[in-house]
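Trainee: In this note's numbering, the protein residues as written are 225 to 436. Positions of the beta carbon are idealized from the N, C-alpha and C atoms, including for glycine. Keep in mind it's a predicted model, so treat the numbers as computed, not measured. Quick one: the structure is below, questions incoming.
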């Protein structure tokens, strides 16, 4: 079992940069943007675990970052079914951070996102997990707006809205499109000690709505 590093936040990224139905465009460029958003954080107490979903494109991109930044590590798993829980669970197992959160390859963090997560956990030591809003793009105004996310509504919460302590011992329980929902339900069953923090996650692609 890994020795946890106090105060460290592990970011788990499941990575597949190949084509599939309703995929974002320019996926390599968006992947680089996502990783750079971590490297530009105001808080440097983080590690990034990129778990490549049988994807050589993702592997080649990710290993380039890993060679340059010791905080980035990469694993290549055999191709999984779409929406598989295995990729993020692998990241949880390998995490050295006391806190865990998630980032999709086509999204990015604000510069304060890791600081907000870490400081909330540190200042509220009885909190086991966090739930927070995110930002989505409003095509009508051509600008970002905060989206209120509701953990008790399906399709109103996801990987962009959660962070948790590794010591809580919760893993992604099911495959499928609603895997985010089932994971949040697993967090609720394990502990009700939940807090919120300032949002800093930017959702850059919602199929058939926008892609920025």
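Spell out a yes or no on whether the stretch 313-320 and the stretch 287-301 are touching, meaning 3 or more CB-CB pairs, one atom from each, closer than 8 Å.
Mentor: Yes: the two stretches touch, three or more of their Cβ pairs being nearer than 8 Å.
Trainee: If you reduce the DSSP assignment to three classes, tell me which class residue 415 lands in.
Mentor: coil
Trainee: By Cβ distance below 8 Å, which residues in the same chain neighbour residue 276 in space, the five residues on each side in sequence not counted?
Mentor: 239, 240, 282, 283, 286, 298, 299, 300 and 301
Trainee: Since residue 360 and residue 259 should fall inside the 8 Å C-beta cutoff, what is the C-beta to C-beta distance between them, to a whole number of angstroms?
Mentor: 21 Å between Cβ atoms; not a contact.
Trainee: Is there contact between the stretch 400-408 and the stretch 417-427, where contact requires at least three CB pairs shorter than 8 Å?
Mentor: no
Trainee: Drop a sphere of 10 angstroms on the beta-carbon of residue 350, count the other beta-carbons inside from all chains shown, and report buried for 16 or more, exposed for fewer.
Mentor: exposed
Trainee: Following the continuous beta strand (DSSP E) through residue 238, name the residue where it begins and the one where it ends.
Mentor: 229-239
Trainee: In whole angstroms, give me the CA-to-CA distance for residue 380 and residue 355.
Mentor: Residue 380 and residue 355 have their alpha carbons spaced roughly 12 Å apart.
Trainee: Specify, as a first and last residue, the run of the beta strand (DSSP E) that residue 371 falls within.
Mentor: 367-371
Trainee: What does the alpha-carbon distance come out to for the pair residue 344 and residue 266?
Mentor: 15 Å
Trainee: Consult DSSP for residue 342 and reduce its assignment to one of helix, strand or coil.
Mentor: helix
Trainee: Determine the burial state of residue 234: buried for a count of at least 16 other Cβ atoms within 10 Å of its Cβ, exposed for fewer.
Mentor: buried
Trainee: Rounded to the nearest angstrom, what separates residue 348 and residue 411 at their Cα positions?
Mentor: 17 Å
Trainee: What runs of the alpha helix (DSSP H), each 4 residues or longer, lie entirely inside the stretch 242-281?
Mentor: 251-263
Trainee: Compute the distance between the beta-carbons of residue 383 and residue 328, then report whether it is under 8 Å.
Mentor: yes
Trainee: Spatial neighbours of residue 396 within its chain, please: C-beta separation below 7 Å, excluding the five flanking residues on both sides.
Mentor: Counting only Cβ-Cβ distances below 7 Å, and skipping sequence neighbours, we find 309, 312, 313, 403 and 407.
Trainee: Residue 310 lies in the beta strand (DSSP E); which residues open and close that run?
Mentor: Taken as a continuous stretch (DSSP letters only), residue 310 belongs to no beta strand (DSSP E), being part of the alpha helix (DSSP H) at 310-318.
Trainee: What is the DSSP secondary structure of residue 407, reduced to helix, strand or coil?
Mentor: helix
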